[in-house]
Structures are given as C-alpha cells and as structure tokens.
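A.B. asks: Right, I'll just put the structure down here and ask away after.
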Amino acid sequence: MEMQRRNWKEYDEKLVRRGELYISLDFLENWDEELSKMNSGKVGGSFEFPQTFIQFLACSFSSVQADRRLYKKTVRIHTKAKDYRLLHHLHL
C-alpha cells in the first residue's frame, strides 16, 4: 500500500482558515472609519492601526506561533507595510 503524499501548502492554508473561523475579525469592517476618528484633530504623526486591532493583538498574541500568519495576512490587506517588524514590536 502506497502512502499518500500530503500537500503541505494546502494543509497549511487549511490550518490558517480554521483559525479564521474561531477568531472574530469583525473589527476589520470598521478599520478605516475607526482610524479616521482616531486621527481626527490629532497633532503629529497619524495612527496606522485602529485601537481595536491593537486590543485584538494584545488578547490573542499569546496564542500559537503559527497564528501569526493570520495576523500578517490581516495587516497585509489593510496596510502597505513591507515587513512586519511593527507587529513584533507590538508583541504585548
């Protein structure tokens, strides 16, 4: 009996999607609106990430290391970040 080869890329994506099912990403719907409110009347540099995203990171960053792929994918959708050093810096 020949063993079936696992498609690791496909398996990896399934694990990431499984994480999406358990984590509410509702805050993404109001990302731009929340940032606009936070930056309205602000003096100095503007905020790049809404407060709800920072709270999301603070609550969930202690989870399994592999879940960072989900955070990176989320940030990539909403920012023009070329790297994710900021996420590492925000590791609360």
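Quick note, this note's numbering runs 460 ahead of the 1-based positions in the sequence shown.
Just so it is clear, CB atoms sit at the ideal spot from N, CA and C, and this is done for glycine as well.
This structure is a prediction, so every number in the text was calculated from the model and none was measured.
Where are the alpha helix (DSSP H) runs, 4 residues long or more, that stay fully inside the stretch 481-510, in chain order?
C.D. replies: Complete alpha helix (DSSP H) runs here, min 4: 491-499.
A.B. asks: Quick one: is the Cβ of residue 496 within less than 8 Å of any heavy atom of the ligand SAM?
C.D. replies: As presented, the structure is devoid of all ligands, the ligand SAM included, so that no description of it is given.
A.B. asks: Measure the C-alpha to C-alpha separation of residue 490 and residue 507 and round it to an integer number of angstroms.
C.D. replies: Computed Cα separation, rounded: 15 Å.
A.B. asks: Within this structure, are the beta carbons of residue 509 and residue 495 separated by less than 9 Å?
C.D. replies: For residue 509 and residue 495, yes; Cβs fall inside 9 Å.
A.B. asks: Just how far apart, CA to CA, sit residue 466 and residue 477?
C.D. replies: Going from the Cα of residue 466 to the Cα of residue 477 covers about 17 Å.
A.B. asks: Distance check for residue 468 and residue 474, CA to CA, integer angstroms please.
C.D. replies: Distance between the alpha carbons of residue 474 and residue 468: 10 Å.
A.B. asks: Give the secondary structure of residue 478 by DSSP, where H, G and I count as helix, E and B as strand, and everything else as coil.
C.D. replies: Helix at residue 478.
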